[in-house]
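Numbering (the working numbering), first residue to last: 2 to 253. Glycine included, each C-beta is placed from N, C-alpha and C at the ideal position. Quick caveat: nothing in here was measured; it's all calculated off a predicted structure. In what follows, a structure is listed as structure tokens, so that the remarks can point back to it.
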């Protein structure tokens with residue numbers, strides 16, 4: 002982490018004095034990076050917190066209230082879920098404002114924003130079961146996605162289908178953090194190919210290990226019920242499990 006902060010410090014040094022650095026005040030690592038030296042304007046932001054110049058607060062129906070220097074500017078009304086997306090939105094509004102875009106224009110644009118592929122992207126809703134595709138390649142992303150889904154569907158069962166596919170995942174670097182990152186899931190099915198370099202520490206009450214995608218699909222057919230939120234997590238194709246699962250569930 003210290004090496005990464007040093008590299009970002011080199012980036013900060015290239016920003017002109019009239020430029021603007023928008024940074025998340027809830028990150029100690031970013032504060033420490035700016036403390037190395039900063040010669041540009043800065044604006045801090047927080048979501049669901051205080052003490053920054055920009056701040057956002059969650060509202061009803063997945064809205065985010067936006068304020069700047071204690072002045073309420075409006076609300077984001079959009080389809081995106083989770084604190085991580087709200088943080089990105091606040092930062093984008095601040096950066097756009099510095100470039101001359103009025104805040105009200107940004108708020109309108111975000112209302113029309115439909116998200117990007119593979120970020121809690123809905124693949125289908127067969128028989129009342131929602132299937133998502135999410136590009137989750139490390140525990141921080143896994144935890145943020147599941148937290149967003151749980152907050153938005155507090156009464157639903159969250160089912161996670163996980164393929165540890167990235168290099169760091171396959172090497173076991175994230176093995177200790179991964180189990181905690183999955184804590185918001187009510188049920189976890191993990192695809193573990195034979196060449197994986199570590200053993201997953203599973204909670205047998207809620208987790209299971211599978212050596213084939215077909216086995217996971219058949220397990221889903223037996224277990225899933227109307228109202229379940231199924232999120233498929235992998236930074237690869239996961240052998241097309243997303244659409245295959247939708248087809249299988251639709252055939253029932």
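Residue of the options minimising C-alpha distance to residue i
i, options, result
"residue 134", "194, 93, 232", "232"
"residue 74", "63, 61, 91", "91"
"residue 227", "80, 47, 19, 126", "126"
"residue 54", "24, 140, 180, 249", "24"
"residue 79", "159, 45, 63, 89", "63"
"residue 214", "236, 162, 36, 100", "162"
"residue 21", "27, 12, 29, 28", "12"
"residue 251", "139, 132, 208", "132"
"residue 185", "220, 165, 159, 177", "159"
"residue 246", "124, 31, 177, 150", "124"
"residue 165", "122, 48, 212", "212"
"residue 7", "27, 31, 17", "31"
"residue 38", "16, 26, 188", "16"
"residue 70", "240, 76, 56", "56"
"residue 187", "178, 224, 177", "224"
"residue 77", "104, 99, 100", "104"
"residue 98", "119, 68, 114", "68"
"residue 179", "208, 152, 156", "208"
"residue 50", "113, 28, 122", "28"
"residue 152", "10, 220, 100, 59", "59"
"residue 42", "138, 14, 66", "14"
"residue 177", "121, 239, 140", "140"
Beta-bridge pairing of residue i - partner residues as DSSP gives them
i, result
"residue 25", "46"
"residue 83", "None, per the DSSP bridge assignment."
"residue 234", "135, 163"
"residue 59", "65"
"residue 190", "162, 209"
"residue 76", "66"
"residue 38", "Beta-bridge pairing links residue 38 to no other residue."
"residue 123", "133"
Terminal residues of the beta strand (DSSP E) in which residue i lies
i, result
"residue 211", "208-211"
"residue 252", "Careful: residue 252 lies outside any beta strand (DSSP E) and carries neither H nor E."
Residue interval of the alpha helix (DSSP H) (run including residue i)
i, result
"residue 140", "140-153"
"residue 107", "104-113"
"residue 12", "3-15"
"residue 224", "214-224"
Assigned exposure category for residue i - 16 Cβ within 10 Å defines buried
i, result
"residue 192", "buried"
"residue 106", "exposed"
"residue 146", "buried"
"residue 40", "exposed"
"residue 229", "buried"
"residue 222", "exposed"
"residue 26", "buried"
"residue 72", "exposed"
"residue 117", "exposed"
"residue 34", "buried"
"residue 5", "exposed"
"residue 194", "exposed"
Inter-residue CB distance, residue i and residue j (contact presumed, cutoff 8 Å)
i, j, result
"residue 144", "residue 84", "That belief does not hold up - the Cβ atoms of residue 144 and residue 84 are roughly 11 Å apart, past 8 Å."
"residue 249", "residue 218", "6 Å"
"residue 136", "residue 236", "5 Å"
"residue 19", "residue 95", "The pair is not a contact, with the Cβ atoms about 16 Å apart (cut-off 8 Å)."
"residue 48", "residue 87", "5 Å"
"residue 260", "residue 150", "The structure shown does not extend to residue 260, since the chain is modelled only from 2 through 253, so no value can be given for it."
"residue 253", "residue 128", "6 Å"
The ligand NAP heavy atom lying under 7 Å from the CB of residue i
i, result
"residue 98", "Absence of the ligand NAP from the depicted structure is noted, as is the absence of any ligand whatsoever, leaving it without description."
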